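Asker: Would you mind keeping the following structure in view while I ask a few things?
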Amino acid sequence: MTNKKSDCQDPLEVIGRAKGYSRKELIMNLPRHSKFAFNLIQQVEKIPEEFLRNSGSPMAKKFIRIMREISLESYRAMQFTRTEINNRGVLYGVVSLKHRVMDRVLHYFHGRWPQCVICLYNEYNGQTGIINEKGTIRELKLPLKEVVEKMSENRPDITYFEDIKFSGEKLFKTLYNSQNIIERENPRYFKKMIPDYCYKLPGMKNGVEKRNKSRNKKLNEFL
Amino acid sequence: MPSTLEKIRILGENSKYDICASTASSRTKKYPNLFGNSINRVGATATAGICHSYTPDGRCMSLFKALYTNKCIYSCKYCFIHSCKQRISFTPEEYARTFMKLYSMNVVEGIFITSGICRSADDTTEDLLDVVRLLRFKYHFQGYIHFKCLPGASQHLLKEAITLSDRISVNTEASNKEYLAEIAEQKDFENDIIMRQRWLKQIRVKHNVEILKIMKDMKQDNQLEFQEKMIKDKRQDGYKKFRWDGAPILNSGQTTQFVVGAAENETDWDLLKRIDWQYKEVDLRRAYFSSFIPIKGSPLANKKAESMERENRLYQTDWLLRIYHYKLNEIKDILTEEGNLPQGDPKIHFAQHNFRDHGLTDPNQASYKELIRVPGIGPISAKRIINLRAQKFEFKSREDLKSIGVVLKRADPYLKINGRNQTTLLNFCN
């Protein structure tokens, strides 16, 4: 889902609060939303592109809101999905994706680890998305542990970071705590930047986990 | 012997005040094999960096930032060194491996390699280069590396650092040699710091222009001529014309950091003059400002901490210079008698000063330069106004401006639309 300015001046380029999305972008990406209904596409095809791309119109505002929900979810998954890599070059993690953005998240990890097989278990629908070295994506309705074992078969043994004896989580927690400058604490800004579900975790202010309990699960509880 | 975890705890804490770090991408999509052509490559920098966590002060924590060693031959008065009970070091392998482990967990986007100076600047720089070589050639890491140039490091080491890193920074700390001598008397302002910044610029530009020439001869691609222009071209005021110039090496350029409030009597004007000079002379990409915080046990332990507001005002003014193309002399008009920026948003102060003499701005007639002088109108809204006018659109009311992103709350006092402007209390006074 891109909103790039083309090299030539786009005659339909909106001068507006938000650029809006072209018909092509909307048709490609609206189906990703969990509450997508086909009549949305019919509306997109009916409405002139000038109105579609101008967020001043009520319909375009609705489309932009839908597109933002989709992009926010995939961005959050890229930001906050914590992964592990086993000795067979399989990188795995857990996501919670309501919308159909698994492919975008898989491509992100594939760009960073092109020689690995990436497996992401979606807690929301119980499916595991897989992307291989060639970039081929598929989804299996299997638990993460099974998928990781299956993908690890027939792959060479490459030991990653064997001499780091303690858990990665401990490593990150230590690093994270070391970076805090108490004199610069800004709880309001902090709350604005982190996802809502993190702020409601135990230990945070007002911290009693109210949402889906599986948010608190550690990665190895899925294996 | 402390464990790796203990080293991260101590050396991470020691590095936290160095805020010269961001999630900048290095835009190397054009040159994907910049650091080798291995099929085992890891990491990418083609898209802008993603922030994987936020500290309680709201700062994005996207880079692995821990000193390589906290042993240092200098004893700068503002530095944490004075409060260090334990002097420890990583080894290059340990440092690189720890980072790769964190990278595999998707908790960091890149690495910020920095250090105290143990034995000599060259010795420590060699160790840091060992880390970079391990990352690039053993782990095939193609992602973001920010390399801290140590004051006094030799040119040949910097050359190698430039070819292997995405961004390099040299901390200036103070605006001139007198103020630096006050807070870090062992450092030579001209030779240790400014000279290194000049070298970085020269090496980068020379290398990139040579590489582009070779590629031009091979490919005969007009794009490369344009890219050469991007690397060299300057604006009228002497700043680089293109911030992101798509250079083959050190695409994210060089940055620097100042400690604000450590030196007595150092004013905002002194700092702004220095950064203006650096933008013009050494192609600085951007400056960072770190408010002075007294460290227990240091010679400045009893000095009052500098306010965050001052740091914020400097950032706002830096933005006006870099993005809004304000001139330094224009900023001088709004300074207080002491030479500091006044309380509040510098752009509003400037607008109050400017519009007093030049009258209100009519969005149907003003140029781009005049539009971005209005608080509440930034480069994007200004371009939108210009584009709409090109399509014969006329702004008849405030709502027209609101719909294109203008913040009317801030812009209203300085606008005149269709002959009408905001009514103030003064209109009712005799």
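Residue numbers (this note's numbering), protein chains in the order written: chain A, 2 to 224; chain B, 754 to 1183.
Even for Gly, the Cβ is constructed at its ideal location relative to N, Cα and C.
Quick caveat, the model's predicted, so the values are computed rather than measured.
How far does the alpha helix (DSSP H) with B/N1065 in it reach, from first residue to last?
Answerer: M1061 to R1075
Asker: With a threshold of 8 Å between beta-carbons, can B/K818 be considered close to chain A, or not?
Answerer: Yes, because at least one Cβ of chain A sits closer than 8 Å to the Cβ of B/K818.
Asker: Tell me the residue span of the alpha helix (DSSP H) that contains B/F900.
Answerer: Taken as a continuous stretch (DSSP letters only), B/F900 belongs to no alpha helix (DSSP H), being part of the beta strand (DSSP E) at Y897 to K901.
Asker: Going by DSSP in three states, A/V148 sits in which element: helix, strand or coil?
Answerer: helix
Asker: How long is the line joining the alpha carbons of B/K1085 and B/Y1079, rounded to whole angstroms?
Answerer: 11 Å
Asker: Taking 8 Å as the threshold (beta carbon to beta carbon), is A/R113 in contact with chain B?
Answerer: Among the CB atoms of chain B, one or more fall inside 8 Å of the CB of A/R113.
Asker: A/H34 and A/I71 - do their beta-carbons sit closer together than 8 Å?
Answerer: yes
Asker: Check distances from the C-beta atoms of the region 849 to 878 of chain B to those of chain A and list, in chain order, the residues that come in under 9 Å.
Answerer: Hits within the stretch, in order: R850, T851, M853, K854, L855, Y856, S857, M858, N859, V860 and V861.
Asker: When you compare each of A/I86, A/W114 and A/N133 to B/A797 by their alpha carbons, which one comes out closest?
Answerer: A/W114
Asker: Where does B/R1126 fall in DSSP's three states?
Answerer: coil
Asker: Considering only the beta carbon of each residue, do B/K993 and B/D1036 sit closer than 8 Å?
Answerer: yes
Asker: Taking any Cβ of chain B, which residues in the region 65 to 91 of chain A have a Cβ under 8 Å from it, in chain order?
Answerer: The region 65 to 91 of chain A vs chain B, Cβ under 8 Å: Y76, M79, Q80, F81, T82, R83, T84, E85 and I86.
Asker: What distance in whole Å lies between the Cβ atoms of B/R920 and B/S1005, which are believed to be in contact at a cut-off of 8 Å?
Answerer: 4 Å
Asker: Does the CB of A/G136 have a neighbour CB from chain B at under 8 Å?
Answerer: no
Asker: Is it true that the CB of B/F1011 sits closer than 8 Å to the CB of B/A1040?
Answerer: yes
Asker: Give the residues of chain A in contact with B/R762, contact being defined as C-beta atoms less than 8 Å apart.
Answerer: T175, N178 and S179
Asker: Is A/M194 near B/G811, with beta carbons less than 8 Å apart?
Answerer: yes
Asker: Got a sec, what are the start and stop residues for the beta strand (DSSP E) B/Q1010 sits in?
Answerer: Q1007 to V1013
Asker: Which residues in the same chain have their Cβ closer than 6 Å to the Cβ of A/Y161, if we skip the five residues on either side of it in sequence?
Answerer: I86
Asker: Look at A/Q180 and B/K1049 and say whether their C-beta atoms are less than 8 Å apart.
Answerer: no
Asker: Run down chain A in chain order and give the residues with a C-beta less than 9 Å from the C-beta of B/N1055.
Answerer: Going along chain A, no residue has its Cβ under 9 Å from B/N1055, so there is no contact; the nearest lies around 16 Å.
Asker: CB B/T1185 to CB B/N924, shorter than 8 Å?
Answerer: In the structure as shown, chain B starts at 754 and stops at 1183, and residue 1185 of chain B therefore has no counterpart that could be examined.
Asker: Over the uninterrupted alpha helix (DSSP H) stretch that includes B/N1093, give me the two end residues.
Answerer: Counting along the chain, B/N1093 falls outside any alpha helix (DSSP H), and DSSP gives it neither H nor E.
Asker: Rounded to whole angstroms, what is the Cα-Cα separation between A/K214 and B/I772?
Answerer: In this prediction, A/K214 has a pLDDT of 48, which is less than 50 and means its spatial position is unreliable; nothing more can be read from the coordinates.
Asker: Within 8 Å of any Cβ in chain E, is that where the Cβ of A/Y161 sits?
Answerer: Among the protein chains of the structure shown, namely A and B, there is no chain E.
Asker: What residues of chain A sit near B/S806, judged by a beta carbon separation below 7 Å?
Answerer: Y177
Asker: Any heavy atom of the ligand NAP closer than 7 Å to the Cβ of B/R988?
Answerer: In terms of ligand content, the structure shown is empty, and the ligand NAP therefore cannot be addressed.
Asker: For the candidate residues B/L917, B/I864, B/K912 and B/L1003, whose alpha-carbon lies nearest to that of B/W952?
Answerer: When each option's Cα is compared against that of B/W952, the closest is B/K912.
Asker: Tell me which residues share the same chain as B/A755 and place their Cβ nearer than 8 Å to its Cβ, disregarding the 5 neighbours each side in the sequence.
Answerer: Looking at the sequence shown, residue 755 of chain B is not Ala but Pro. Answer for B/P755: I763, Q839 and I841, listed in chain order.
Asker: State the start and end residues of the unbroken beta strand (DSSP E) segment that holds B/F1042.
Answerer: L1037 to S1044
Asker: Where do the N-terminal and C-terminal ends of the beta strand (DSSP E) with A/N123 fall, by residue?
Answerer: Its beta strand (DSSP E) spans residues V118 to N123.
Asker: Tell me which same chain residues have a C-beta within less than 7 Å of the C-beta of B/L933, skipping the five on either side of it?
Answerer: E926, A927, K940 and F942
Asker: Enumerate in chain order the residues of its own chain whose CB-to-CB distance from B/H805 is below 8 Å, with the five nearest sequence positions on each side excluded.
Answerer: M814, S815, N859, V860, V861 and E862
Asker: If you drop the 5 nearest sequence neighbours on each side, which residues of the same chain put their C-beta closer than 6 Å to that of B/Y1077?
Answerer: I1125
Asker: If you reduce the DSSP assignment to three classes, tell me which class B/R1163 lands in.
Answerer: helix
Asker: With 8 Å set as the bound, which would you pick, yes or no: does the beta-carbon of A/M194 sit closer than that to a beta-carbon of chain B?
Answerer: yes
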